[in-house]
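What follows is a single structure, written as structure tokens, with notes after it.
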Amino acid sequence: MTAPTSAAPQEGVWVDVLGQPAAVTALRRALAQDELAHAWLVVGPPAVGQQELVRALGAALNCAEPDAPDLGCGRCNVCRRMAAGRHTALLELEPKGAGYLVDDVRSEWIPAAMHSLTEGRRKLLRVRGADRMNEAAQNAFLKVLEEPPASVLWVLEVEDEGALLDTVVSRCRRLDLVPWGLEPLRERAAGLDIPEGRREALARAALGSPSRLEALADPDVAAARQRHLDVIDRLATAGPGIVVPLAKELHTWAKGRSTVVKEANAQELARIEEEFGVDERGRGWPPGLRNQLKRTHERTERQAQRQALDLLLDDLASYLRDLVSIASGGGSAELVNLDAEAELRRDAQRLPVADAVRALSAVAQCRRALDRNGNPELQLERLLLQLALPIYAASA
Ligand SMILES: [Zn+2]
């Protein structure tokens, strides 16, 4: 058992929740005082510990041998299955398509909430991306929020609560999650396969996101980051003719990242076909499974490509922010891309600070265009052009 450190309220079942001491403290206090709200609105950037937090809460509520009301033991069968997301008192919901529809709430959520527990004391329903409920779904959901079954606890995870109706928000207790600080990122970096000499640089380059840090631990992603940080240099040295081929090159890498997922999906498909004895004409599939699998596979392939594009945009944005920081006299300690300091100081001479600020909005604009399913390669071309023009103007 890890001894609790002075600042981090990590012990027992909470030991897996890194980077969110304030949220853990708030939850543990509510548990200890037996004042747990029946619905929590967890607000924060994606993947900063939502899963670990919800599962630790589920374990604390259902642990077979709790050390205290706020402290699941972390050792018993219940705690271990909760931590792995495999306990029947924990239901983790995620949107099947673009968002949640009223039918999801009526035919899945409400029955799940009403169904009595087969094991454990308190049922936890975790709604990932709850800000993707449409209005009809939210209105249907309000009914369970108004008259919650006593044994049920809802956790709604959102990036921005602005997408939810005030009536939903006002019935939940809010819990804020924050980007990780450098300390937990360093700790996580030490646990990943990152060479010791690279840990500090990558912990900073992770931008507060443990999932970005995990991605950067992959040598292919780390190499791509170096290429992304070279974009300004390549635009400056190669002239306007590079914009189109460079956009193609960057997009090709992002597409390639989904190839790995595609191959894994194809293998899964083959394995399941074999399991059910599906013949060459596609007969033998259990009803509905083929379509469900197809939708899941398409979604994971789209997500992989989008995640790769987000890595690129995060790299570019962090580089531009560093340029702005240098131009306004910031020192090395403030740089995200500490490992590219020499390049940053060189490029700060090439891109005037006002244009670096404008380029940052161009990156945000590109991200929004991708959210709306804009053609990635065209959007990248547009972005690179917006980056390139002020560089050429400054050197002319
Ligand atoms: Zn336990």
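Numbering (the numbering used here), first residue to last: -9 to 386. Just so it is clear, CB atoms sit at the ideal spot from N, CA and C, and this is done for glycine as well. Every value quoted in this text rests on a predicted model; they were computed, and no experiment measured them.
Collapsed DSSP secondary structure at residue i in the structure displayed
i, result
"Lys113", "strand"
"Trp275", "coil"
"Ala37", "coil"
"Val326", "coil"
"Ala205", "helix"
"Leu341", "coil"
"Val7", "coil"
"Leu334", "helix"
"Leu299", "helix"
"Leu26", "coil"
"Ala58", "strand"
"Met(-9)", "Because Met(-9) sits at a pLDDT of 38, beneath the cut-off of 50, its placement in the model cannot be relied upon, and the following sentence gives the value as read from the coordinates. Met(-9) falls in the coil class under three-state DSSP."
"Ala(-3)", "Confidence is the limiting factor: at Ala(-3) the pLDDT is only 39, short of 50, which leaves the residue's position unreliable, though a coordinate-based value still follows. Coil at Ala(-3), not helix or strand."
Cα-Cα separation, residue i to residue j
i, j, result
"Ala298", "Gln216", "14 Å"
"Pro342", "Arg311", "12 Å"
"Ala207", "Gln41", "21 Å"
"Pro366", "Glu136", "43 Å"
"Arg116", "Glu84", "9 Å"
"Ala(-2)", "Phe266", "The pLDDT assigned to Ala(-2) is 42, lower than 50, so where the model puts this residue is not dependable; a value taken from the coordinates is nonetheless given after this. The alpha-carbon atoms of Ala(-2) and Phe266 are separated by roughly 49 Å."
"Ala79", "Gly2", "19 Å"
"Val92", "Pro174", "39 Å"
"Gly278", "Trp99", "20 Å"
"Ala330", "Leu155", "44 Å"
"Asp269", "Lys284", "17 Å"
"Leu313", "Asp305", "12 Å"
"Thr258", "Glu264", "It should be pointed out that residue 258 corresponds to Glu in this sequence rather than to Thr. Rounded to the nearest angstrom, the two C-alpha atoms are 10 Å apart."
"Glu177", "Pro185", "13 Å"
"Trp170", "Thr15", "16 Å"
"Val158", "Leu165", "14 Å"
"Glu125", "Arg161", "16 Å"
"Val234", "Asp210", "23 Å"
"Asp94", "Ala127", "8 Å"
"Arg96", "Gly48", "24 Å"
"Thr227", "Ala237", "16 Å"
"Ala50", "Cys69", "8 Å"
"Ala384", "Arg19", "57 Å"
"Arg111", "Val142", "9 Å"
"Arg348", "Gly364", "21 Å"
"Leu225", "Ala179", "32 Å"
"Gly87", "Asp361", "14 Å"
"Ile262", "Ala103", "31 Å"
"Tyr309", "Thr242", "21 Å"
"Leu46", "Ile232", "Here residue 46 turns out to be Ala, not Leu, going by the sequence shown. For Ala46 and Ile232, the distance between alpha carbons rounds to 50 Å."
"Gln282", "Thr249", "20 Å"
Expected contact under 8 Å - CB spacing of residue i and residue j to nearest Å
i, j, result
"Leu240", "Leu197", "Contact doesn't hold; Cβ gap of about 19 Å is too wide."
"Gln0", "Val168", "Not confirmed; about 16 Å, so no contact."
"Asn52", "His28", "Wrong, their Cβ atoms sit about 16 Å apart, outside the cutoff."
"Ala294", "Val251", "4 Å"
"His287", "Asn255", "4 Å"
"Leu43", "Ala13", "6 Å"
"Pro200", "Val5", "About 15 Å; that fails the 8 Å criterion."
"Leu328", "Arg194", "6 Å"
"Pro380", "Asp345", "4 Å"
"Glu82", "Gly75", "6 Å"
Ranges of the beta strand (DSSP E) found wholly within the region 122 to 200, counting only runs of at least 3: 142 to 148, 163 to 166
Runs of beta strand (DSSP E) wholly within the region 78 to 106 (minimum 3 residues, chain order): Counting only runs that start and end inside the region 78 to 106, the beta strand (DSSP E) elements of at least 3 residues fall at 80 to 83.
Cβ contact check for the region 46 to 65 and the region 22 to 33: 3 or more pairs under 8 Å: yes
Contact between the region 349 to 362 and the region 374 to 384 (3+ Cβ pairs under 8 Å): yes
contact_flag[the region 181 to 198, the region 50 to 57] where n(CB pairs < 8 Å) is 3 or more: no
Segment contact flag, the region 117 to 125 with the region 148 to 160, C-beta cutoff 8 Å, min 3 pairs: yes
Whole beta strand (DSSP E) elements within the region 208 to 280, 3-residue minimum: none
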